[in-house]
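Quick note on numbering: the sequence shown equals residues 79 to 263 in this note's numbering. For reference, the structure discussed in these notes is given below.
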Amino acid sequence: MLDRPWSWLRQVHGDHVVDVGSPGDGAGAEGDGLVSTARGTALAVFTADCAPVAMASPEGVIGVAHAGWRGLLAGILERTAERMRQAGATDITAALGPCIHVECYEFSPADLDTVAGGLGDAVRGHTSAGTPALDMPAAVAASLSRAGVSLAHDAGVCTACAASEYFSHRARAEPERQATVVWLP
79 MLDRPWSWLR QVHGDHVVDV GSPGDGAGAE GDGLVSTARG TALAVFTADC APVAMASPEG
139 VIGVAHAGWR GLLAGILERT AERMRQAGAT DITAALGPCI HVECYEFSPA DLDTVAGGLG
199 DAVRGHTSAG TPALDMPAAV AASLSRAGVS LAHDAGVCTA CAASEYFSHR ARAEPERQAT
259 VVWLP
């Protein structure tokens, strides 16, 4: 995998999904989701506090999405699952990687109302200091449920709480990101 070009995106917090036909296709394209059926293809998204969501199906269709709150509202996970189904996937499962969690994700009441209006009240929470917060894993779970995708694994890691191990824009105001890579051998 390391000796082949990866497909990656210039992420924009939207709902555009790029189809990848061979290793390296779409590298640097604008979007927030990648889908492929090509063997030997590595699909990568880069995140700090946003949610990396990897998807796969038994039919050999893979996908990965960069899911921040704006992308979740725009339907990035639904679009990624839709493109996977168009490529032949039937039973899609997902894994949620490290992302910011409710105890650290202070959110303005107005923005929280907007997200809850789109994804349901389960996304509402409070930080450890008691301020309004977005529950990013709950938002991902709600979006995946709407897409008909089962969440098979949640890393359960808050990037802000574990800022010594993971990059976190909220906790350390750093520009660095970690990569989540989905590979079809």
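Cβ coordinates follow ideal geometry from the N, Cα and C atoms, glycine included. This structure is a prediction, so every number in the text was calculated from the model and none was measured.
Mapping the DSSP letters down to three states, classify residue i as helix, strand or coil.
i    : result
P176 : coil
S228 : strand
Q256 : strand
A165 : coil
A105 : coil
R250 : helix
Output needed for residue i: all residues of its chain with C-beta closer than 6 Å, excluding positions within five of it in sequence on either side, in chain order.
i    : result
A122 : W84, W86, A257 and V259
A249 : A238 and A241
F245 : A126, E252, E254, R255 and Q256
E181 : T205 and S206
H247 : A126 and D127
A152 : G92 and D93
G196 : L151
H179 : C236
L229 : A172, A219 and L222
By alpha-carbon positions, which one of the options ends up nearest to residue i?
i    : options                   : result
R82  : Q89, R117 and D97         : R117
G198 : D232, S221, L155 and A207 : S221
G138 : C182, H94, P130 and M162  : M162
A173 : F185, V180, D189 and A159 : A159
V193 : L229, L150, A120 and Y183 : L150
P215 : G195, T209, C177 and A188 : C177
S186 : W147, S135, P101 and E156 : W147
A107 : V96, V227 and P101        : V96
L155 : V235, W261, A217 and E243 : A217
L264 : L190, H231, A219 and G109 : Absent from the structure is residue 264, since the part of the chain shown begins at 79 and ends at 263.
A129 : W261, P101, G102 and Q89  : Q89
F124 : R224, A188 and G175       : G175
Spatial neighbours of residue i within its chain, please: CB distance less than 8 Å, with the 5 preceding and 5 following residues excluded, ordered by chain position.
i    : result
V98  : S85, G104, L112, V113, S114, A116, T119 and L121
G109 : L87, R88, Q89, V90, G92, H94, V95 and V96
Might you give, ordered along the chain, the residues of its own chain that have their beta carbon closer than 7 Å to the beta carbon of residue i, omitting 5 neighbours on each side?
i    : result
T209 : E184
P136 : D169
Compute the minimum distance between the beta carbon of residue i and the heavy atoms of the ligand PLP, and state whether it is under 7 Å.
i    : result
T125 : Judged by which ligands are present, the structure shown has none, so any question about the ligand PLP falls away.
Taking contact to mean at least 3 C-beta pairs separated by less than 8 Å, is the stretch 165-178 in contact with the stretch 194-205?
No, the stretch 165-178 is not in contact with the stretch 194-205.
Can you give, in chain order, each stretch of the beta strand (DSSP E) that sits fully within the stretch 116-158 and has at least 3 residues?
With a minimum length of 3 residues, the continuous beta strand (DSSP E) runs that stay inside the stretch 116-158 are 119-125, 129-134 and 140-145.
At least 3 beta-carbon pairs within less than 8 Å: the stretch 106-113 vs the stretch 136-153
At 8 Å Cβ cutoff, the stretches touch.
With a floor of 4 residues, list each alpha helix (DSSP H) that falls wholly inside the stretch 176-245, ordered by position along the chain.
Correct list: 187-197 and 214-225.
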